[in-house]
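Encoded as structure tokens, the structure appears first; notes follow it.
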Amino acid sequence: MVYLDNAATTYPKPQNVYRTWQSAMSVCGANPGRSGHEFSMKTAEAVYKSREICADFFGASPENTIFTLNCTHALNFAVKGIARRGCHFVVSDMEHNAAIRPVYSAAKAMDGACTMFEVEFDTEQTVLNAERAITPHTAALVCTAASNVIGLRTPVNELADLCRKRGVCFILDAAQGAGTLPLTSENADIICAAGHKGLYGPMGTGLMITNGKYPLSTIIEGGTGSASESIVQPDFTPDRFESGTINTAGVVALGAGVDFVTRKTPKAILEHELSLCELFCSAAERIDGIILHNRITPQNKNRYAPVVSFNFERYGSEEGARLLSEHGFYMRGGLHCAPLAHKKIGTIKGGTIRFSPSAFNNFREVERLIDVLRKI
Amino acid sequence: MITVNIKSFTAAQKALKFLQKHGIRCVLERSLGKGGCGFMLKITDKNANKAEVCALLNSVGVPCGLS
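Protein chains in written order, with the numbering used here: chain A, 92 to 467; chain B, 76 to 142.
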């Protein structure tokens with residue numbers, strides 16, 4: 092089996108992630124931060140250690156590094172937390188439903204509005220498009236670091252500058268960028284990331300990293316193990332956003348995943364994965380009956396995250412993905428929960444098959460995939 | 076003994092590690108204080124003084140809730 096669906100979740104995980112998770116299930120078996128006994132305190136220390144690793148990775152403080160269940164969870168905290176009555180959001184035309192749905196929901200609930208801007212290959216034009224969409228009522232610009240469909244990166248630094256200049260909160264959906272792209276808390280006011288994708292943690296983990304500049308209201312309240320006398324949700328982080336028992340083993344193992352990425356370096360992982368994409372694109376574009384929706388080349392690779400969308404001329408995306416699965420290659424077909432991106436590239440009706448390698452894939456696997464594509 | 080009340084485990088653990096890094100012996104315990112459940116840093120280092128501990132904690136953004 093060759094797994095190439097890493098944009099959905101990375102597999103396999105580094106050995107240390109498996110080991111840490113398994114160990115945490117027994118060694119970190121008490122409820123962290125809830126009790127004063129040694130077992131609970133040791134568990135809380137393990138959670139803190141992971142929090143510190145994640146905070147260092149994003150250049151943030153441990154207090155502003157909040158564990159969530161996934162990136163969607165983090166985006167809901169950020170978007171709905173910043174929403175105020177009559178507020179306005181700006182979003183890109185490549186957003187995943189994880190971002191666009193909470194934005195639309197928040198705008199509707201607050202009698203607000205939302206404006207979409209076009210991401211173009213030209214950075215200046217993209218920033219200009221975003222700037223035109225901002226109004227005096229804009230609370231936040233919500234933007235993906237890279238499309239989960241065609242891999243196109245957004246100009247994160249330039250958009251961050253724009254938001255700073257206009258006093259708008261920049262919420263970055265780093266589901267497809269964390270672990271490969273150079274993203275730190277300098278890049279955005281709030282970074283939302285999945286723990287189980289490029290950070291190589293288990294599913295059921297995510298992160299919301301803030302710089303503390305924009306106060307967020309809560310969408311979930313409850314027990315935090317702190318300030319228990321009050322019926323009001325704590326105003327200090329991370330407790331404010333971590334009500335209820337966290338996915339302790341998952342969070343501890345996420346630290347091992349981030350440690351793996353840190354050791355390998357995001358830059359080296361990105362280069363490796365983009366090289367696999369280049370090989371795939373250069374070979375696939377010469378196969379009759381294959382349509383590539385984005386081409387990653389040595390010349391343009393600095394504008395892409397390692398994701399390539401393609402189709403068979405003869406088959407729909409789900410059928411094509413099923414055929415590939417029968418040959419032992421696991422890729423995702425369909426809309427990838429990102430209808431906006433599919434509208435943009437004209438594949439909203441049929442979707443695409445997505446090739447998304449990880450640090451664990453190799454050139455031989457891509458060559459074997461190419462052989463299979465030729466046969467199909 | 077100097078004790079420092081801290082609301083959040085994260086801030087308390089950060090404070091503990093920072094003080095230890097600066098050679099100040101201390102332990103972290105869960106406590107029931109004025110605002111309900113929280114955490115308490117016990118400074119076991121007899122040479123430490125309140126002003127020094129406060130200055131160190133403030134430098135890493137942990138409020139100095141001395142008691």
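By construction, the Cβ of each residue, glycine as well, lies at the ideal position given by its N, Cα and C atoms. Only a predicted model underlies this, so the values are computations on that prediction, with no experimental measurement involved.
- Of the candidates B/Leu107, B/Lys89, B/Cys101, B/Thr78, the residue whose Cα lies closest to the Cα of B/Asp120 is B/Cys101.
- Secondary structure note for B/Lys117: its beta strand (DSSP E) is the uninterrupted segment 111–118.
- Under the Cβ distance rule, B/Lys125 does not count among the residues neighbouring chain A, no pair being separated by less than 8 angstroms.
- Relative to the Cα of A/Cys283, the nearest Cα in the group A/Asp252, A/Thr159, A/Gly424 belongs to A/Thr159.
- Secondary structure of A/Thr315 (DSSP, three-state): coil.
- In the three-state reduction of the DSSP assignment, A/His164 falls in the helix class.
- Under the DSSP assignment, A/Val343 falls in the alpha helix (DSSP H) whose first and last residues are 339–355.
- DSSP places A/Leu243 outside any beta strand (DSSP E), giving it a letter other than H or E.
- Assignment of beta-bridge partners to A/Arg445 by DSSP yields A/Ser400, A/Arg423.
- In the three-state reduction of the DSSP assignment, A/Ser196 falls in the helix class.
- In this structure, A/Val240 and A/Ile262 do not form a Cβ contact; the two beta carbons are roughly 20 angstroms apart against a cut-off of 8 angstroms.
- Annotation for A/Thr296: no alpha helix (DSSP H) segment contains it, and DSSP assigns it neither H nor E.
- The alpha helix (DSSP H) runs of length 4 or more contained entirely in the segment 367–417 of chain A are, from start to end of the chain, 408–417.
- By the beta-carbon neighbour count (other beta carbons within 10 angstroms, threshold 16), A/Lys199 is exposed.
- Taking 8 angstroms as the cut-off, the Cβ atoms of A/Ala396 and A/Gly314 do not count as close.
- Per the C-alpha coordinates, the member of A/His433, A/Phe401, A/Phe451, A/Gly335 positioned closest to A/Asn385 is A/Phe401.
- Looking at the DSSP output, A/Tyr94 shares a beta bridge with A/Tyr421.
- Judged by their CB atoms, A/Ser131 and A/Pro123 are nearer to each other than the 8 angstroms cut-off.
- With its beta carbon at least 8 angstroms from every one in chain B, A/Glu277 lies outside the interface.
- The three-state reading of DSSP puts A/Met116 in helix, counting H, G and I together.
- By the criterion of a C-beta distance shorter than 6 angstroms, A/Thr156 is surrounded in its chain by Arg142, Cys145, Ala146, Ile300, once the five residues flanking it on both sides are discounted.
- With three or more CB-CB distances shorter than 8 angstroms, the segment 407–424 of chain A counts as touching the segment 434–442 of chain A.
- Taking C-beta separations shorter than 7 angstroms and ignoring five residues to either side along the sequence, the partners of A/Thr275 in its chain run Phe149, Gly150, following chain order.
- Burial of A/Thr328 is indicated by the presence of at least 16 other C-beta atoms within 10 angstroms of its C-beta.
- Within 8 angstroms of the CB of A/Pro306, no CB atom of chain B is found; the nearest one sits about 16 angstroms away.
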